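Per my numbering, the sequence shown starts with residue 22, numbered consecutively.
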Amino acid sequence: MDHPRTIVITGASSGIGAALARAYAAPDVVLALTGRDAQRLEETAEACRRKNATVETATVDVTDAPAMERWLKDLDARQPVDLVIANAGVSEDRVTLDTLADATARTFAINVQGVFNTILPLLPAMKQRGRGQVAINASLAGYRGLPTAVPYSASKAAVKSYGEALRGAVARHGIAVTVVCPGFVASRITDKNRFPMPFMMTADRAAGIIRQGLTKNRGVIAFPWPTFAAVRLMTLLPAPLVDRLLRRK
22 MDHPRTIVIT GASSGIGAAL ARAYAAPDVV LALTGRDAQR LEETAEACRR
72 KNATVETATV DVTDAPAMER WLKDLDARQP VDLVIANAGV SEDRVTLDTL
122 ADATARTFAI NVQGVFNTIL PLLPAMKQRG RGQVAINASL AGYRGLPTAV
172 PYSASKAAVK SYGEALRGAV ARHGIAVTVV CPGFVASRIT DKNRFPMPFM
222 MTADRAAGII RQGLTKNRGV IAFPWPTFAA VRLMTLLPAP LVDRLLRRK
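Structure (structure tokens):
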């Protein structure tokens with residue numbers, strides 16, 4: 022979509038979400054931003070207002086389906102949403118077998134159910150209008166499960182597949198769906214990592230790549246290219262070989 026006028030972004034208090042808000046901020050744009058950190062969210066909003074965008078903020082929990090539905094439908098009734106970016110996500114660190122069950126539940130509640138709660142309330146109105154755009158922030162980790170991020174990579178595989186399937190299901194209604202698969206982007210999630218992260222990029226650079234891809238209505242936006250190529254190669258290699266390469270020391 023070339024010029025979305027009303028844009029919803031979850032997880033906008035930091036990282037890619039905040040950078041996307043700043044990237045889209047303009048005098049003729051309405052930004053509806055939500056995030057868990059009220060102070061950081063307001064900082065993002067102020068940066069966007071300085072670019073003369075109209076900004077609404079809400080600290081709605083993406084795991085709260087009724088609250089998300091109320092917020093989104095109220096917004097859409099006042100300002101029909103052109104683009105929704107389901108960006109909110111978490112990654113649990115230091116997960117052990119003893120904590121895996123709880124970590125998996127928490128991660129899927131935000132990374133998977135949170136995506137559903139963000140996009141599904143808006144689809145009926147988009148269908149009625151015959152237009153709309155949905156972006157789901159997955160990850161290159163969604164292409165192959167990682168032993169260092171079991172709940173995270175599994176959750177991203179789930180929303181990647183969901184977005185790919187949804188794209189074909191709603192295309193006839195004029196709704197475009199894009200799955201975004203970044204590599205390592207500087208954020209509070211990557212700050213926790215204790216392993217090499219090749220081709221790390223800033224959130225602002227990632228936001229620029231994402232916005233360009235959304236403008237072109239790309240079905241998948243996967244970057245950076247070297248990391249994407251390596252991940253795709255892993256999906257073609259024999260599983261035992263990849264397991265050995267990825268196994269924890």
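Beta carbons: idealized from backbone N, C-alpha and C, even for Gly.
All figures in this text were calculated on a predicted structure; none of them were measured in a lab.
- Burial check for serine 182: the Cβ neighbour count within 10 Å stays below 16, so the residue is exposed.
- A buried status is given to proline 172, since no fewer than 16 other beta-carbon atoms sit within 10 Å of its beta-carbon.
- Proline 203 sits away from phenylalanine 220, with the two beta carbons spaced by 8 Å or more.
- Short of 6 Å from the beta carbon of glycine 234, and not among the five residues preceding or following it, lie these beta carbons of its own chain, in chain order: Ile242.
- CA-to-CA, the gap between serine 176 and valine 83 works out to about 15 Å.
- Here threonine 120 carries a coil assignment [DSSP, helix/strand/coil].
- For the pair valine 201 and asparagine 138, the CB atoms are not nearer than the 8 Å cut-off.
- Collapsing the DSSP output to three states places leucine 93 in a helix.
- Judged by DSSP in its simplified three-state form, threonine 139 adopts helix.
- Judged by DSSP secondary structure, proline 25 falls outside any beta strand (DSSP E); it is assigned neither H nor E.
- By the CB criterion at 8 Å, alanine 107 and alanine 156 fall inside the cutoff.
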